[in-house]
Amino acid sequence: MVEVRDAVAVVTGGASGIGAALAHRFAAEQAAAVVVADVDADRAAGVADALPGGVGTAMAFDAGDEAQVADAVTRIESGVGPVDLWCSNAGVASGPGLGDDADWQRCWRLHVHAHVLAARHVLPRMLARDRGHLMITASAAGLLTEADTAPYAVTKHGSVAIAEWLAIRHGDTGVGFSCLCPQGVATPMLTGAPDDSATLAAGEVIPPEQVADTVMAALADGRFLILPHPEVAEYERRRAGDRDRWLAAMRRLRARARG
Ligand SMILES: NC(=O)c1ccc[n+]([C@@H]2O[C@H](COP(=O)([O-])OP(=O)(O)OC[C@H]3O[C@@H](n4cnc5c(N)ncnc54)[C@H](O)[C@@H]3O)[C@@H](O)[C@H]2O)c1
């Protein structure tokens, strides 16, 4: 269970979409400090300055660059305070289909390696204090795949896998772990999706504030898997129950999306 009130929270990818909604929600829950971390310094400053209670601090760094992450963690812990909640949330959309090598590298870097970097540089400090929480934003695509873009779908499976690995390895300590797996969320990332996107056809596109509500409830409950679209749990059961039937259903979904 995570107590957000009086906590020091860090949100990577905090300048937009889900990250910005999380930052606002944590501030509204009276976090002591909310670090809005993003590669986009100006937008991070805009979000941090708008947080109620003056709790926002903007920090510009690349969540996929080890030297920058290490430096940011040191600066946050010495300048803002020991991190109670790190939301490893930054992510990128990818080119269509099988993608090119640049798509694979960009997705691997943010959807897998950035979480490893968070675990490498933040987690040891939390473990030493025997308190803290690491939340990884994956995607329903990390549980169920999706037919639009292979680099995104495959590396989001990696996001889920590293979150599970960390929870198995360290979940019996005072440090907690969770994995956020939404389907469609109305953010700039989804704005670029094509009309025939299977993600858009898969179900309701919800506002990022609704994702933040679900995250708050799950953190309070101490739940690992955070599903803002609850139907994803049933889809995952069907996938595990009959893989061939589920693959056929995914093919039908793609065909429906393409009209
Ligand atoms: N929008 C959706 O439908 C959806 C669904 C499932 C999962 N997600 C995941 O949620 C997370 C947030 O996505 P969003 O929809 O809010 O997207 P968004 O594009 O609105 O926000 C992503 C933010 O990440 C930042 N960012 C990109 N590269 C970065 C880097 N190297 N270091 C630090 N920051 C970086 C961007 O500047 C941007 O502010 C992502 O991991 C995404 O894959 C989104």
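Per the numbering used here, the very first residue in the sequence shown carries number 1; after that it's consecutive. By construction, the Cβ of each residue, glycine as well, lies at the ideal position given by its N, Cα and C atoms.
Residue i - containing beta strand (DSSP E), residue span
i, result
"V80", "Premise fails: V80 is in no beta strand (DSSP E) and is neither H nor E."
"G56", "G56 to A60"
Distance, residue j Cα to residue i Cα
i, j, result
"A233", "G46", "36 Å"
"R237", "L253", "17 Å"
"A217", "D65", "31 Å"
"A31", "R243", "43 Å"
"D195", "G132", "41 Å"
"P182", "L144", "11 Å"
"A50", "R239", "42 Å"
"G54", "H157", "37 Å"
"F26", "T187", "19 Å"
"D71", "V4", "24 Å"
"G99", "D6", "43 Å"
"H170", "G176", "8 Å"
"V10", "L85", "6 Å"
"G56", "I76", "12 Å"
"A212", "G14", "12 Å"
"L190", "A257", "15 Å"
"A48", "A58", "5 Å"
"Y235", "P208", "22 Å"
"I162", "S78", "27 Å"
"T173", "T12", "24 Å"
"A138", "T214", "15 Å"
"D42", "V69", "19 Å"
"V160", "G142", "6 Å"
"V39", "R125", "24 Å"
"I136", "I206", "19 Å"
"R155", "R129", "Note that residue 155 is Thr in the sequence shown, not Arg. One C-alpha to the other measures close to 31 Å."
"A247", "A44", "Before going further, note that residue 247 is Leu rather than Ala in the sequence given. If I take the Cα positions, the gap works out to 40 Å."
"C179", "V112", "13 Å"
"A28", "V116", "29 Å"
"Q210", "A140", "15 Å"
"R251", "E204", "19 Å"
"R120", "P230", "31 Å"
"H24", "A150", "32 Å"
"R223", "L166", "14 Å"
"A249", "V185", "22 Å"
Bridge partner(s) assigned by DSSP for residue i
i, result
"G175", "Position check: residue 175 holds Val in this sequence, whereas Gly was assumed. G132, per the DSSP bridge assignment."
Where the alpha helix (DSSP H) through residue i begins and ends
i, result
"A150", "A150 to H170"
"L143", "A141 to L144"
"M250", "R243 to A257"
Below-9 Å beta-carbon distance, residue i vs any chain C residue
i, result
"A220", "In summary, chain C is missing from the structure at hand, where a single protein chain is found."
Minimum length 3: unbroken beta strand (DSSP E) runs contained in the segment 174-241: 175-180
Quick check for students: name the residue ranges of the alpha helix (DSSP H) that lie wholly in the segment 62-121, counting only runs of 4 or more. 66-79, 101-108 and 114-121
Which runs of the alpha helix (DSSP H), 4 residues or longer, sit entirely within the segment 6-45? 17-28
If you pair each beta-carbon of the segment 21-38 with each one of the segment 93-113, do three or more pairs fall below 8 Å? no
Does the segment 8-19 come close enough to the segment 85-92 to have 3 or more Cβ pairs within less than 8 Å? yes
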